[in-house]
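Here the sequence shown stands for residues 322 to 580, where the numbers follow our numbering. Using N, Cα and C, we set each Cβ at its ideal position, and we do this for glycine too. Some notes on the structure that comes next.
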Amino acid sequence: MQDRKPVQSWLTDMDGVLVHEGQPVPGAPEFINRLRSSGKPFLVLTNNSIYTPRDLTARLSRMGLDVPEESIWSSALATGQFLADQRPGGTAYVIGEAGLTTALHAVGYVLTDFAPDYVVLGETRTYSFEAITKAVRLINDGARFICTNPDVTGPSAEGALPAAGSVAAMISKATGVEPYFVGKPNPMMMRSALNTINAHSESTAMIGDRMDTDILCGLEAGLETILVLTGISSRTEAERYPYRPSRIINSVADLLDEV
């Protein structure tokens, strides 16, 4: 990776990189402030489709992280963009929260349970058996199956929660139809983020805490990849993968002098 161009744009995961268990990672507020003052394009990425960018801006602000709405890119926004490109003005039956429904409305989609073009599954804390049954029947009737992200569990104060990937597996088992996952590690998530800030892969770095999503996604999209040790993957675990990040650092605090 010695011949890469200097980093001109930054993509960073949120959970495990900037925040951890509801608290800012040491150095993260300073890192965001340095990014903003540098004028370099950047986006904070998340596979979580529950919240709108406005919601996430407010949540991050309460933790001392000053991230504007336009600097947040979620799997919900990427899904909306993907569907608008694939089938403009289409219809969808959605299982999810405001982050996803708002993103689909913003691209002109109609949300309906009457012969929709797509069943779109996202994150929610209240998965309904009735809604899942409806999704199974609509897919059996010909609706295309989209899922915002493949994460099988999500974090909570009480422990792991089943996430969209787990529910997608249940629907797939019932229908025999596999979903198309838009979020990480699909490199489309990364490319859509790059397009949003008019950045180029050869001069963009991706910071993440998970080898199997953040680093894999950045690698497949041609970005410099930086693994931080403040989240999921440890240095030892990173060595077990058949691919490597460009580098491993302790936290985003180690990047302050590079922005």
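Could you spell out where the beta strand (DSSP E) holding residue i opens and where it closes?
i, result
"Ala413", "412 to 416"
"Phe450", "Segment 450 to 461 is the alpha helix (DSSP H) holding Phe450; no beta strand (DSSP E) there."
"Gly529", "525 to 529"
"Ile581", "The question about residue 581 has no answer here: the residues shown for the chain are numbered 322 through 580."
"Val441", "439 to 442"
"Ile492", "Note, Ile492: premise wrong, no beta strand (DSSP E); alpha helix (DSSP H) at 485 to 496."
"Thr546", "545 to 549"
"Arg568", "568 to 570"
My understanding is that residue i touches residue j, with C-beta atoms under 8 Å, so please give their C-beta distance in whole angstroms.
i, j, result
"Ile528", "Ile547", "5 Å"
"Glu545", "Ala520", "Wrong, their Cβ atoms sit about 12 Å apart, outside the cutoff."
Is residue i near residue j, with beta carbons less than 8 Å apart?
i, j, result
"Leu540", "Phe352", "no"
"Ala484", "Val473", "yes"
"Ile460", "Val498", "yes"
"Ala399", "Gly420", "no"
"Phe502", "Asn470", "yes"
"Pro350", "Gly385", "yes"
"Arg531", "Ser554", "yes"
"Glu418", "Glu390", "no"
"Pro374", "Ala413", "no"
Please report how far the alpha carbon of residue i lies from the alpha carbon of residue j, in whole angstroms.
i, j, result
"Leu339", "Asp533", "18 Å"
"Gln329", "Asp376", "28 Å"
"Tyr372", "Lys326", "34 Å"
"Phe363", "Ser392", "6 Å"
"Lys494", "Ala574", "44 Å"
"Leu432", "Leu482", "27 Å"
"Ala405", "Leu381", "28 Å"
"Thr496", "Ala464", "11 Å"
"Tyr448", "Pro563", "35 Å"
"Met322", "Asn571", "Interpretation of Met322 is limited by its pLDDT of 46, a score under 50 that renders its predicted location unreliable; no figure is taken from the coordinates."
"Ala490", "Ile453", "11 Å"
Taking DSSP's pairing of strands, which residues face residue i in a bridge?
i, result
"Ser395", "Thr367"
"Phe502", "Cys468"
"Gly475", "Leu482"
"Leu432", "Ala413"
Where does the unbroken alpha helix (DSSP H) through residue i begin, and where does it stop?
i, result
"Asp334", "Asp334 -> not in any alpha helix (DSSP H); beta strand (DSSP E) instead, spanning 330 to 334."
"Gly552", "Looking at the DSSP string, Gly552 is not in any alpha helix (DSSP H), and its letter there is neither H nor E."
"Arg408", "Note, Arg408: premise wrong, no alpha helix (DSSP H); not H, not E."
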